[in-house]
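Structure first, commentary second.
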Amino acid sequence: MRRKTLDLLLRKIRRIFYLFIGSKRGLGLPQTKELWETQYSGNTWDILYDQNEQEHSQALSNLYSNSTKQNSVLDIGCGEGVLYAYLNKAGCDNYQGIDLSETAIRNARMKYQEVDFVAASGENFKPKTSFDCIIFNE
Numbered sequence: 368m369r370r371k372t373l374d375l376l377l378r379k380i381r382r383i384f385y386l387f388i389g390s391k392r393g394l395g396l397p398q399t400k401e402l403w404e405t406q407y408s409g410n411t412w413d414i415l416y417d418q419n420e421q422e423h424s425q426a427l428s429n430l431y432s433n434s435t436k437q438n439s440v441l442d443i444g445c446g447e448g449v450l451y452a453y454l455n456k457a458g459c460d461n462y463q464g465i466d467l468s469e470t471a472i473r474n475a476r477m478k479y480q481e482v483d484f485v486a487a488s489g490e491n492f493k494p495k496t497s498f499d500c501i502i503f504n505e
């Protein structure tokens, strides 16, 4: 009974958070290309380089390397290509990253010139080949 009450309380707190804070910031809603460009032009996505995100990227890389050897990866929402560095160390040699933000893709291309990064919407992107592994990280 106590657990059920706690779960109900947590759901109500989440709902209140979403109504008064999250929805006002666009959480849970499709974001415009302009918003992504603004965020990547500023420092909003610098969090991708903090310790928690590094651990997250390493965990995804570990899943990749511990699975049956995947040859090709499509990273939808790749941002600046942060995950690519981890996957490359794990042996990924066929990677393509797509992101809606042209700024993020431009930054990724400067860091990893050997990689095929494409500025495109994940909803409309039509790959020219198939992939063994598709990552949607956001």
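Residue 505 is where the sequence shown ends in the working numbering, and the numbering goes up by one at each step. From the three backbone atoms N, C-alpha and C, an ideal C-beta is built for every residue, glycine too.
Legend entry - Below-8 Å beta-carbon distance, Ala486 vs any chain D residue: Looking for chain D here will not work: only one protein chain is present.
Inset, instruction - Pick out whichever of Tyr462, Val449, Asn474 and Asn491 has its Cα sitting closest to the Cα of Ile501. - result: Locating residue 501 in the sequence shown gives position 134, counting from the first residue. Out of Tyr462, Val449, Asn474 and Asn491, the CA that lies nearest to the CA of Ile501 is found in Tyr462.
Inset, instruction - Starting from Phe503, follow the alpha helix (DSSP H) in both directions and report where the run begins and ends. - result: One-based indexing of the sequence shown puts residue 503 at position 136. Where Phe503 is concerned, there is no enclosing alpha helix (DSSP H), although the beta strand (DSSP E) it sits in stretches over Cys500 to Phe503.
Legend entry - Beta carbon of Leu427 nearer than 8 Å to that of Asn504: Here residue 427 refers to the residue found at position 60 of the sequence shown. Here residue 504 refers to the residue found at position 137 of the sequence shown. Yes; because the gap between Cβ atoms is below 8 Å, this pair is in contact.
Inset, instruction - With Gln421 as the anchor, note down where its alpha helix (DSSP H) starts and where it stops. - result: For the purposes of this step, residue 421 is identified with residue 54 of the sequence shown, where counting begins at 1. Where Gln421 is concerned, the enclosing alpha helix (DSSP H) stretches over Gln418 to Asn433.
Inset, instruction - Give the DSSP bridge partners of Val485, in chain order. - result: Locating residue 485 in the sequence shown gives position 118, where the first residue counts as 1. According to DSSP, which records beta bridges pairwise, Val485 is partnered with Ile465.
Inset, instruction - Using alpha carbons as the reference points, say which of Ser497, Asn433, Ala457 and Val482 lies closest to Glu447. - result: Counted from its first residue, the sequence shown places residue 447 at position 80. The option with the nearest alpha carbon to Glu447 is Val482.
Legend entry - Alpha-carbon to alpha-carbon, Ser408 and Leu415: Translated into the one-based positions of the sequence shown, residue 415 becomes position 48. Translated into the one-based positions of the sequence shown, residue 408 becomes position 41. CA-to-CA, the gap between Leu415 and Ser408 works out to about 14 Å.
Legend entry - Distance CB(Glu404)-CB(Ser488) smaller than 8 Å: For the purposes of this step, residue 404 is taken as residue 37 along the sequence shown, with counting starting at 1. For the purposes of this step, residue 488 is taken as residue 121 along the sequence shown, with counting starting at 1. No.
Legend entry - Buried or exposed by the 16-neighbour rule on C-beta atoms within 10 Å, applied to Phe384: For the purposes of this step, residue 384 is taken as the residue at position 17 of the sequence shown. By the neighbour-count rule (16 or more Cβ atoms within 10 Å), Phe384 is not buried but exposed.
Legend entry - Rounded C-alpha distance that separates Ile465 from Ala471: The residue you call residue 465 lines up with position 98 of the sequence shown. The residue you call residue 471 lines up with position 104 of the sequence shown. So the alpha carbons of these two residues sit roughly 10 Å apart.
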